[in-house]
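Enquirer: Mapping to this note's numbering: the sequence shown position 54 is 54, numbers consecutive.
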Amino acid sequence: MVPWAPNVAQIPQVVNLTNVVKRPGVNWDDFFVGERDVATVGSKVIGHPGLVDNLAVVYNKKLFAQAGLTPPGPDWTWDEFEADAAEVD
């Protein structure tokens with residue numbers, strides 16, 4: 001994650017959106033905490049998540065094969081990810 005928010009928050013022209021995200025229809029609390037946190041500095045909201053996704057897992061097929069690991073599938077879990085990463089490392 002790039003910590004852009006603290007730097008941006010120091011720019012005098014940046015608008016404080018804290019009251020805006022509290023308005024009906026904004027649904028600020030529908031965003032996960034981490035998504036809200038990247039747009040918040042202290043108690044000041046300075047941005048709004050525009051796109052949040054995690055559509056891909058990138059792995060090295062050659063290293064997986066060398067470690068004797070099965071390539072990730074649609075049911076791959078976070079625990080498997082961590083265990084596989086430890087084997088490849």
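Even glycine gets a Cβ: it sits at the ideal position worked out from N, Cα and C.
Tell me whether residue 8 sits in a helix, a strand or coil according to DSSP, three-state version.
Expert: helix
Enquirer: Taking the alpha carbon of residue 51 as the point to measure from, which residue in 43, 12, 60, 36 has its own alpha carbon closest?
Expert: 36
Enquirer: Go ahead and label residue 4 buried or exposed: buried means 16 or more other beta carbons lie within 10 angstroms of its beta carbon, across all protein chains shown.
Expert: exposed
Enquirer: Please state whether the Cβ-Cβ distance between residue 45 and residue 81 is less than 9 Å.
Expert: no
Enquirer: What's the call for residue 41, buried or exposed, on a 16-neighbour Cβ count within 10 Å?
Expert: buried
Enquirer: Within 10 angstroms of the Cβ of residue 84, are there 16 or more other Cβ atoms? Answer buried if so, exposed if not.
Expert: buried
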